[in-house]
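Chemist: Take this structure first; my questions come after.
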Amino acid sequence: MRQSACINTLILRRDNASELKITDLISPKEASPTPLSRLGFFVVLGFLRLTSVLPLRLLHWIGGGLGWLFAVIPNRSAATTRRNIAACFPALSSAEQESLARQSLNGMVCTGLEMGKAWILPIEGTLAQVTEVEGLAALQAASKAGEGVILLAPHLGNWEIFGYFACEGIASNFMYQPPKNPQMDALLRGVRAKSGIQLAPTNRKGVAILLGALQKGELVGVLPDQVPNDEGGVYADFFGESAFTMTLTSRLAQRGKPRVFCGFAQRLPKGKGFKVIVHEADAGIYDKDLGASAAAINRSVERCVRLAPEQYQWEYKRFRRQPDDSEFY
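If you're matching positions, the sequence shown starts at 1 in the working numbering and goes up one per residue.
As structure tokens, this is what we get:
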């Protein structure tokens, strides 16, 4: 097996003058995938290439059909979705909760089908998926003024397209947990690079990179609704439930008080693209008390989710860690 380069040579065009090969991003040691992982990668890559050229409306129609299957066939995603929605929307009737759960499962599939648009298309094609914008000017003004900016991008709508669009023309840095498959790692690093987004590892070195970026007035992107490790979180309210919430954003916000925004790319009906919506985050994020700050982060995320609850990633076990170690799911 060749060790000098990854067998895949997918090219991601960044502009008319330059191009980025995934082979440029893999070290010789990394370029040794197993036959099974190599096969899996090519299946995923073929899927992404196919969906990148299909119309959004067709992808969403397919997503509706597959989402229906997820709703009627017993599976973990559907069970988790229903459990989360029942807990977070107790005022809804059982029928309303089920309707929201089915819409959410449709959205889950649509998000997967849309990734070709986010990852494979040239950056211009990805940005063209956004047809409406609300509130982004404040973030852009803060960045232009040289203020450090923290962007909270919850798993709502299509967060990949949101990140590319919101960070266009802005020096941006995101924390990144590489997948085990080296070819998938190269693909993901390559698609981030097509927009100029810099990646920081999920360790102390990465935190130092983010702090340095904020001090230089750059943007730092964070996915605020993932369950952190033991040392990296506190419990805070989210939709009336206790959610173990990362403190990284709180600690970053307390250093120099950067501007903090929260937003998402809302999927529009009939394949009409996406609407990027950005809000300034709850001011409580700057509270020195980590619990109060984490609660403000969750309020900021919740404000966005309530605009399109059917597009949130309810299949994620957000409440799997409980203060009393009880089983939520």
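The beta-carbon is built from N, C-alpha and C at its ideal position, and this holds for glycine as well.
Keep in mind the model is a prediction, meaning the values are calculated, not measured.
Take the Cβ of PRO224 as the centre, count every other Cβ of all protein chains shown within 10 Å, and call the residue buried at 16 or more, exposed below.
Modeler: On the sequence shown, position 224 is the one that residue 224 refers to. Label assigned to PRO224: buried.
Chemist: So what's VAL109 in DSSP terms, helix, strand or just coil?
Modeler: Stepping through the sequence shown from its first residue, residue 109 is reached at position 109. DSSP places VAL109 in helix when its eight states are reduced to three.
Chemist: Report the rounded CA-to-CA distance for GLY263 versus PHE328, giving the unit in angstroms.
Modeler: Counting from one through the sequence shown, the residue named residue 263 turns up at place 263. Counting from one through the sequence shown, the residue named residue 328 turns up at place 328. Their Cα atoms are separated by approximately 28 Å.
Chemist: If contact is defined by three or more beta carbon pairs under 8 Å, each pair taking one atom from either stretch, is the stretch 301-312 in contact with the stretch 181-188?
Modeler: The answer is no - the stretch 301-312 does not touch the stretch 181-188, with fewer than three Cβ pairs under 8 Å.
Chemist: Taking Cβ to Cβ, would you say PHE244 is nearer than 7 Å to ARG321?
Modeler: Walking along the sequence shown from the start, residue 244 turns up at place 244. Walking along the sequence shown from the start, residue 321 turns up at place 321. In contact: PHE244 and ARG321 (Cβ atoms closer than 7 Å).
Chemist: Quick one: is PHE42 buried, meaning 16 or more other Cβ sit within 10 Å of its Cβ, or exposed?
Modeler: Residue numbering aside, residue 42 sits at position 42 when the sequence shown is read from its first letter. The residue is exposed, with fewer than 16 neighbouring Cβ atoms inside 10 Å.
Chemist: Please list, in chain order, all residues of the same chain as THR131 whose beta carbon is under 8 Å from its beta carbon, the five residues on each side excluded.
Modeler: Looking up residue 131 in the sequence shown gives position 131. LEU268, LYS272, GLY273, PHE274 and LYS275, listed in sequence order.
Chemist: Any idea if VAL260 is buried or exposed, counting beta-carbon neighbours within 10 angstroms, 16 or more meaning buried?
Modeler: Taking the sequence shown and counting its residues from 1, the one referred to as residue 260 is at position 260. So VAL260 counts as buried.
Chemist: Look at the alpha carbon of PRO309 and the alpha carbon of LEU105, and state the distance between them as a whole number of angstroms.
Modeler: As a working mapping, residue 309 is identified with position 309 in the sequence shown. As a working mapping, residue 105 is identified with position 105 in the sequence shown. PRO309 and LEU105: Cα-Cα distance of roughly 12 Å.
Chemist: Could you tell me whether the stretch 62-80 touches the stretch 311-318, using the rule of 3 or more Cβ pairs below 8 Å?
Modeler: Cβ pair count under 8 Å is three or more, so yes.
Chemist: If you draw a straight line from the alpha carbon of MET175 to that of TRP68, how long is it in whole angstroms?
Modeler: The residue labelled residue 175 in the question sits at position 175 within the sequence shown. The residue labelled residue 68 in the question sits at position 68 within the sequence shown. Those two C-alpha atoms are separated by around 34 Å.
Chemist: Based on the DSSP secondary-structure assignment, which residues constitute the bridge partners of PRO201?
Modeler: Translated into positions along the sequence shown, residue 201 becomes position 201. Looking at the DSSP assignment, PRO201 forms a beta bridge with TYR176.
Chemist: For the candidate residues SER37, ARG306 and ASN173, whose alpha-carbon lies nearest to that of ASN196?
Modeler: Looking up residue 196 in the sequence shown gives position 196. Here the sequence assigns Gly to residue 196, which means Asn is not the residue at that position. Out of SER37, ARG306 and ASN173, ASN173 has the C-alpha closest to the C-alpha of GLY196.
Chemist: Whole angstroms are fine: how far does the CA of ALA145 sit from the CA of ILE123?
Modeler: Within the sequence shown, the letter at position 123 stands for residue 123. Within the sequence shown, the letter at position 145 stands for residue 145. Computed Cα separation, rounded: 25 Å.
Chemist: Do the stretch 284-295 and the stretch 46-64 make contact, defined as three or more Cβ pairs closer than 8 Å?
Modeler: The stretch 284-295 vs the stretch 46-64: no contact.
Chemist: So is ALA166 buried or exposed if we call it buried at 16+ other beta carbons inside 10 Å?
Modeler: Position 166 of the sequence shown, counted from the start, is the residue given in the question as residue 166. With 16 or more Cβ atoms within 10 Å of its Cβ, ALA166 is classed as buried.
Chemist: CB-CB under 7 Å to SER27, same chain, minus the five flanking residues each way: which ones, in chain order?
Modeler: If you number the sequence shown from 1, residue 27 lands on position 27. Unreliable positioning characterises SER27 in this predicted model, as indicated by a pLDDT of 40, which lies under 50. The coordinate reading is nonetheless provided below. Around SER27: no qualifying Cβ.
Chemist: If you drop the 5 nearest sequence neighbours on each side, which residues of the same chain put their C-beta closer than 7 Å to that of ILE120?
Modeler: Start at 1 with the first residue of the sequence shown, and residue 120 comes out as number 120. Hits under 7 Å: LEU48, ARG49 and SER52.
Chemist: Scan the stretch 26-70 and note each continuous alpha helix (DSSP H) run of 4 residues or more that stays entirely inside, going in chain order.
Modeler: Fully enclosed alpha helix (DSSP H) runs of 4 or longer: 35-53.
Chemist: Have a look at VAL227 and MET108 and give me their C-alpha separation to the nearest angstrom.
Modeler: Mapped onto the sequence shown, residue 227 falls at position 227. Mapped onto the sequence shown, residue 108 falls at position 108. Going by the C-alpha atoms only, they are around 19 Å apart.
Chemist: Give the straight-line distance between the Cα atoms of ARG110 and PRO201, rounded to the nearest whole angstrom.
Modeler: Stepping through the sequence shown from its first residue, residue 110 is reached at position 110. Stepping through the sequence shown from its first residue, residue 201 is reached at position 201. In the sequence as presented, Arg is not what sits at residue 110; that position holds Cys. Straight-line Cα distance between these residues: approximately 28 Å.
Chemist: Considering only residues of the same chain and omitting the five flanking positions on each side of GLU241, which have a CB-CB separation below 7 Å?
Modeler: The residue labelled residue 241 in the question sits at position 241 within the sequence shown. If we look at GLU241 and ignore the five residues flanking it on each side, its Cβ neighbours are ALA87, CYS88 and PHE319.
Chemist: Rounding to the nearest angstrom, what Cα-Cα distance links GLY233 and VAL133 in this structure?
Modeler: Along the sequence shown, one-based indexing puts residue 233 at 233. Along the sequence shown, one-based indexing puts residue 133 at 133. Computed Cα separation, rounded: 32 Å.
Chemist: Rounded to whole angstroms, what's the CA-CA distance from ARG38 to ALA153? Just pull it up for me.
Modeler: Position 38 of the sequence shown, counted from the first residue, corresponds to residue 38. Position 153 of the sequence shown, counted from the first residue, corresponds to residue 153. Computed Cα separation, rounded: 31 Å.
Chemist: To the nearest angstrom, how far is it from the Cα of ALA128 to the Cα of LEU248?
Modeler: In the sequence shown, the residue the question calls residue 128 occupies position 128. In the sequence shown, the residue the question calls residue 248 occupies position 248. Approximately 32 Å, taken between the alpha carbons.
Chemist: How many whole angstroms separate the CB atoms of GLY148 and LEU199, which I take to be in contact at a CB cut-off of 8 Å?
Modeler: Walking along the sequence shown from the start, residue 148 turns up at place 148. Walking along the sequence shown from the start, residue 199 turns up at place 199. Not quite, the Cβ-Cβ distance comes to about 18 Å (not below 8 Å), so this is no contact.
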